[in-house]
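Chains A and B, in that order, give the protein sequences.
For the record, in the first sequence the residue sitting at position 411 is 410 according to numbering that gives the first Met the number 0, with numbers rising by one throughout.
For the record, in the second sequence the residue sitting at position 64 is 63 according to numbering that gives the first Met the number 0, with numbers rising by one throughout.
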Amino acid sequence: MAPTERLPRNPLLLALASLMLFACVGGQLFQSEPQGWWAERGPVVPHETFPASCDLCHEPGDWVTLKPDFEFDHEKETGVALEGAHEGAQCLRCHNDRGPVADFAALGCAGCHEDVHEGLQGKRCDTCHDQQKWRVTGMIAEHARTRFPLVGAHAATACRRCHEGIEAGILAPLDVECISCHQADLARAASPNHVANGWTESCDRCHIPTGWNGAAFNHNTFPLTGQHRVTNCAECHVNNVYAGTPRDCVECHRQEYLGTTDPNHIASGFPEDCAQCHTTSGWDGAFFNHSTYPLTGRHATADCAQCHANNVYSGTPRDCVECHRQEYLSTNDPPHVSSGFPETCQQCHNTSSWGDANFDHTFPINSGDHRNFDCMECHQTPSNYLNVSCIHCHDHRQSRMDDKHSDVNNYTWSSPACISCHPDGRADD
Amino acid sequence: MALGLASTTGWAASAAAGVDAELDASASVQVDFRVISAPVVSGGSTLVRIDRGASAGLAPGDRVTFRPLGGSPVQGVVQTVEERESVVDVAQATDQLMPGVPGEVAVPASRLPGGEDPQPTDQGDYPPIEWTSDEVEWTEGTPLLAEARVLEREERPPVWRGRVYMTSDLIHDGVGAGRDDLFSRLGMDARGTNLFGFGGEFRIDGEVNMRDTQVADGQGEQDTLARLDRFSYALGGVRGEPRRIEVGRFLPREFPELGLLDGAEVSWRTGAGHSVGASIGYLPSNDRERSTGDTLQISSWGTLMVDEDQRFQLGAALQKTWHMGEADRQLFLARLRWSPNGPWSAFATAWVDFYDSNDPLKQDSVELTQAIASLSRRIGKYSGVSLSSSMNRYPSLLRNGIQDLGSSIITDGSNRRVSLSGWTRLSDVDRINVRADQWADQSSSGAGGEFGWGHQLDGPRIQRINTSVFYREGRFGAVKGLRTGIGGPLSGGSWRADLDAGLFGQARFDGSQADLFQGALSLGWDGIIGADWLLSLTTAYRFGDEQDAVSLGFLLQRSF
Numbered sequence: 000m001a002p003t004e005r006l007p008r009n010p011l012l013l014a015l016a017s018l019m020l021f022a023c024v025g026g027q028l029f030q031s032e033p034q035g036w037w038a039e040r041g042p043v044v045p046h047e048t049f050p051a052s053c054d055l056c057h058e059p060g061d062w063v064t065l066k067p068d069f070e071f072d073h074e075k076e077t078g079v080a081l082e083g084a085h086e087g088a089q090c091l092r093c094h095n096d097r098g099p100v101a102d103f104a105a106l107g108c109a110g111c112h113e114d115v116h117e118g119l120q121g122k123r124c125d126t127c128h129d130q131q132k133w134r135v136t137g138m139i140a141e142h143a144r145t146r147f148p149l150v151g152a153h154a155a156t157a158c159r160r161c162h163e164g165i166e167a168g169i170l171a172p173l174d175v176e177c178i179s180c181h182q183a184d185l186a187r188a189a190s191p192n193h194v195a196n197g198w199t200e201s202c203d204r205c206h207i208p209t210g211w212n213g214a215a216f217n218h219n220t221f222p223l224t225g226q227h228r229v230t231n232c233a234e235c236h237v238n239n240v241y242a243g244t245p246r247d248c249v250e251c252h253r254q255e256y257l258g259t260t261d262p263n264h265i266a267s268g269f270p271e272d273c274a275q276c277h278t279t280s281g282w283d284g285a286f287f288n289h290s291t292y293p294l295t296g297r298h299a300t301a302d303c304a305q306c307h308a309n310n311v312y313s314g315t316p317r318d319c320v321e322c323h324r325q326e327y328l329s330t331n332d333p334p335h336v337s338s339g340f341p342e343t344c345q346q347c348h349n350t351s352s353w354g355d356a357n358f359d360h361t362f363p364i365n366s367g368d369h370r371n372f373d374c375m376e377c378h379q380t381p382s383n384y385l386n387v388s389c390i391h392c393h394d395h396r397q398s399r400m401d402d403k404h405s406d407v408n409n410y411t412w413s414s415p416a417c418i419s420c421h422p423d424g425r426a427d428d
Numbered sequence: 000m001a002l003g004l005a006s007t008t009g010w011a012a013s014a015a016a017g018v019d020a021e022l023d024a025s026a027s028v029q030v031d032f033r034v035i036s037a038p039v040v041s042g043g044s045t046l047v048r049i050d051r052g053a054s055a056g057l058a059p060g061d062r063v064t065f066r067p068l069g070g071s072p073v074q075g076v077v078q079t080v081e082e083r084e085s086v087v088d089v090a091q092a093t094d095q096l097m098p099g100v101p102g103e104v105a106v107p108a109s110r111l112p113g114g115e116d117p118q119p120t121d122q123g124d125y126p127p128i129e130w131t132s133d134e135v136e137w138t139e140g141t142p143l144l145a146e147a148r149v150l151e152r153e154e155r156p157p158v159w160r161g162r163v164y165m166t167s168d169l170i171h172d173g174v175g176a177g178r179d180d181l182f183s184r185l186g187m188d189a190r191g192t193n194l195f196g197f198g199g200e201f202r203i204d205g206e207v208n209m210r211d212t213q214v215a216d217g218q219g220e221q222d223t224l225a226r227l228d229r230f231s232y233a234l235g236g237v238r239g240e241p242r243r244i245e246v247g248r249f250l251p252r253e254f255p256e257l258g259l260l261d262g263a264e265v266s267w268r269t270g271a272g273h274s275v276g277a278s279i280g281y282l283p284s285n286d287r288e289r290s291t292g293d294t295l296q297i298s299s300w301g302t303l304m305v306d307e308d309q310r311f312q313l314g315a316a317l318q319k320t321w322h323m324g325e326a327d328r329q330l331f332l333a334r335l336r337w338s339p340n341g342p343w344s345a346f347a348t349a350w351v352d353f354y355d356s357n358d359p360l361k362q363d364s365v366e367l368t369q370a371i372a373s374l375s376r377r378i379g380k381y382s383g384v385s386l387s388s389s390m391n392r393y394p395s396l397l398r399n400g401i402q403d404l405g406s407s408i409i410t411d412g413s414n415r416r417v418s419l420s421g422w423t424r425l426s427d428v429d430r431i432n433v434r435a436d437q438w439a440d441q442s443s444s445g446a447g448g449e450f451g452w453g454h455q456l457d458g459p460r461i462q463r464i465n466t467s468v469f470y471r472e473g474r475f476g477a478v479k480g481l482r483t484g485i486g487g488p489l490s491g492g493s494w495r496a497d498l499d500a501g502l503f504g505q506a507r508f509d510g511s512q513a514d515l516f517q518g519a520l521s522l523g524w525d526g527i528i529g530a531d532w533l534l535s536l537t538t539a540y541r542f543g544d545e546q547d548a549v550s551l552g553f554l555l556q557r558s559f
């Protein structure tokens, strides 16, 4: 930029200089009449309608001093009511040598009051000021009439923090882009470094106007919950690179995925979707959705390794006996193997306890004549519960049974035959 | 009014008797009536109003003699009597009975306050008047029948007028880590007239500002700054002296749009109200420090009164600035003021910047940087409508602005507003107002509206109730809310309580906390304490989502 301008080539400057010259010498060239531009003589306050008895108002000796008990009903005498501070103002504050007060009053407030805002706010001073005091109140309401209502932290912020120099009357239009006022905040934003990441505008996309941190920050593309809430940004956004930060857990937590031994996720073939088992509250307390094999009863509290031996999680069988074969083989009450019990444990047992076995004994033993029988009374061969004896009981002695079955074809007096025809123990079967 | 009676009785008695010789007080009381002075207050051809009434003993039928200066006496008869004034029927129509014309009326002594023998005791605390006005030297051009010569400024005693004040505001924001902000101002604004015997006016206006901001992270700030806003001496610009010069730090009187100036301005005004002026000097910095010496300006301006009543004024100004030695702003200002006695009024100002090829952002262009316009019309005594509009762009300047704006904002930034408002009185105690407006800037636009109702009461403590509802689409969201307030007299002043509550929704923020309910409850009292002291107290509590702040403030001012 050129340090100086060539004056003759600038028509505006020429016009300005000409006007200045005219203004400076005009007064001499057009010397005014003695009374000047305000031809009216007499006191500065119009006295035409005043009583002719001067001493009603004036002290003797001069025209300047008024009597201490002087009163003047401005509204009654002039039709113009004086309100607020005007009511107690000295007459000469308005009625003075400048000229007829009506000419200035017609201009509104600016006719008498200096426009400290340099014309930038228009002529409606009463938008912000009242007639009692010059101190401004009610700016929250006035701001609500602009494109920038005061919300959040802005409502509790001193005016001067945005309108720099307002105490000196400076009230020029401001741009309301956040960054136009918050450049210092932007520069201070080191975690994350907003400038380095190119976040230099549109603060309102991530922040609400109540503050920069905490709830006022919008991380909704990846909600910051649990441990993420207190995590340093740089832990996820490495090297202050925010663009393209992955949202999959394992992309940030691969080291944990690879390093964990309890259980060993790799060896176990765990998926890389950590969220299947873990929450953001912490790695401990992982909850695996064991829906393929619901963990009920004792299984719910069992250590994983009890089923998933050697941290082998893939291919874990779902049949009970595959884990509980030892119990199946060793139990003596009754001996399952010798008794020919099936290996489908769940037929009799639940996951709460072995002792709560509930065998579906089709032959009634909970009611009727066989109620409260000891097992051995029928299963007289301890090693084989498939052997059942009916005929050893005096109620089923052969002579009696023969008589009862005289009309039954192929009748034989043997326990298997009894069970065959009377599986539920009823006589009429 | 009793004072006027007492001071006139003595010599008025002689006039009633038609005798020019002086009569002493003892002679006057021997007469059965008194003649008192009754000057004309308002004139007419056949009916005039005089400055005496029943309190001075007048009654319908009393004869009044007017003695217009340079004319023959005019007779009249009192027609109606009020407490302090009377209406007199003048037998012969005349145009000589202008306000101030002396009049005399004979009043029976028995009607006078105090009975038959009123004594001039009402002279009271005041000594006899001894007027000591000097003879006025007549010069060519002075009307022969001029009214009393007024003292010119340079003949008057020096007078100081102004105010000293202190104001302080404390805001405690309890959100988050918390913040306390204290801002105090101690200042004086005074004008001294004819301090040096030249009839000029000396102006001084300055403040000391104290800031103290405390925040939890230790990044608070404290500073104290003394600032001089005005320090100038002006001569002329008053009647008798149409030329005016002002030097020092001042705001140009006719064109404040040119900005605060450290320099000098000369101006000249014609009898018809036209004026021209020019100034040279430095523009103080556009910040709270108002430091000077960086930006030099020269400017010139002129105003033109379009009508004889001097109610329609057009004005224009040119300003050229250099910042740190480099050419900076070329500004053209145009202004219109129209405030006739009728119901209409209009006002408009435009700032136009000229950019040359050296400007990095707006080279070789002419831009309307800012404009303000309003048009108002009163409808009857209690109604009116107003249309106002404004726009602004951001000038490309070397001189620092309030904000450190980016080049894109300077190039493309703008803001336009237009609003229409109206008000009317529904009854003696009810008033409504309505407002609708629209705005648009470089990125978005919005609209808003407000409807308000005000009611006056006769209660001893509550004399007004105001309520309004509003809606606003702002730059970053929309707010809808309610304001209500009450107020009235209290302890020699007036108190007020206001509640402002709104629901704000942030536009581009998609979090669950995008909707905020916020409110403010404020209390205040303003009053005159003592003869010249003004005290204003305010307090407010801001509450709602993510908001918890208390503010306290006061203004103490003494006028002199």
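Where a beta carbon is used, it is the ideal one built from N, C-alpha and C, also for glycine.
Just so you know, these numbers come straight off a predicted model, no measurement behind them.
Scanning chain B for C-beta atoms nearer than 9 Å to the C-beta of A:Cys180 yields Gln402, reported in chain order. The beta carbon of A:Leu149 does not come within 7 Å of any beta carbon belonging to chain B, so the residue lies off that interface. Residues of chain A whose Cβ lies closer than 8 Å to the Cβ of B:Ser373 are, in chain order, Gly121, Lys122, Arg123.
For the pair A:Arg324 and A:Ile418, the Cα-to-Cα distance works out to about 30 Å.
Proximity of B:Gln455 to chain A, defined by a Cβ-Cβ separation below 7 Å, is not satisfied.
The Cβ-Cβ distance between B:Gly301 and B:Val275 falls below 7 Å.
Among the residues facing chain A, B:Asn399 is not included, as its CB has no counterpart in that chain under 7 Å away. With contacts defined as CB atoms closer than 7 Å, A:Ala143 and B:Asp172 fail to qualify as a contacting pair.
Straight across, the Cα-Cα distance linking A:Asn357 with A:Cys374 is about 14 Å. Contact check for A:Cys319 against A:Gln345 passes: the beta carbons are separated by less than 7 Å. Considering only beta carbons, the part of the stretch 198 to 210 of chain A lying closer than 8 Å to chain B consists of Ser201, Asp203, Arg204, Cys205, His206, Ile207, Pro208, Thr209, Gly210, in chain order.
Buried is the label assigned to A:Met400, since at least 16 other Cβ atoms lie within 10 Å of its Cβ. At least one C-beta of chain A is nearer than 7 Å to the C-beta of B:Asn208. Just so you know, the alpha carbons of B:Asp531 and B:Phe559 end up roughly 7 Å apart. With a contact defined as Cβ atoms closer than 8 Å, B:Gly484 and B:Phe516 miss out at about 19 Å. Going by DSSP, B:Pro488 is part of the beta strand (DSSP E) stretching over 476 to 489.
With contacts defined as CB atoms closer than 7 Å, B:Ser387 and B:Ser418 qualify as a contacting pair.
By the Cβ rule, the stretch 86 to 106 of chain B counts as touching the stretch 31 to 38 of chain B, because three or more pairs are nearer than 8 Å. Among the residues facing chain B, A:Lys132 is included, as its CB has a counterpart in that chain under 7 Å away. Cβ-Cβ separation between B:Glu82 and B:Gly52: approximately 5 Å, consistent with a contact (criterion under 8 Å). Taking one beta carbon from each stretch, the stretch 262 to 282 of chain A and the stretch 329 to 337 of chain A have fewer than 3 pairs nearer than 8 Å; the two do not touch. A contact is defined here as three or more CB-CB pairs under 8 Å, and the stretch 288 to 304 of chain B meets this definition with respect to the stretch 314 to 327 of chain B. Just measuring C-alpha positions, the residue of B:Gln296, B:Ser54, B:Val174, B:Asp50 sitting nearest B:Phe65 is B:Asp50. Under DSSP, B:Thr538 shares a beta bridge with B:Leu522, B:Leu551. Contact annotation: B:Glu449 and B:Phe475 have beta-carbon atoms that are not nearer than 7 Å. Inter-residue distance for A:His348 and A:Ser190 is about 59 Å (C-alpha atoms, whole angstroms). Close CB contacts of B:Phe311 within its chain, under the 6 Å cut and outside five residues either way in sequence, are with Val305, Trp337 (chain order).
Only buried fits B:Ser467, as 16 or more other CB atoms lie within 10 angstroms of its CB. The beta carbons of B:Thr291 and B:Arg398 sit no closer together than 7 Å. Assignment of alpha helix (DSSP H) within the stretch 137 to 168 of chain A, counting only whole runs of 4 or more residues, yields 138 to 142 in chain order.
Taking a C-beta distance under 7 Å as the contact criterion, B:Asp261 and B:Arg229 do not qualify as a contact pair.
Interface annotation, B:Gln505: in contact with chain A, CB-CB separation under 7 Å.
Each residue's CA atom was taken as its position, placing A:Val79 and B:Leu224 some 41 Å apart.
For the pair B:Leu520 and B:Ala500, the Cα-to-Cα distance works out to about 8 Å. Just so you know, the alpha carbons of A:Glu58 and A:His94 end up roughly 19 Å apart.
In terms of Cα proximity to B:Pro157, the closest of B:Asp168, B:Thr192, B:Ser183 is B:Thr192.
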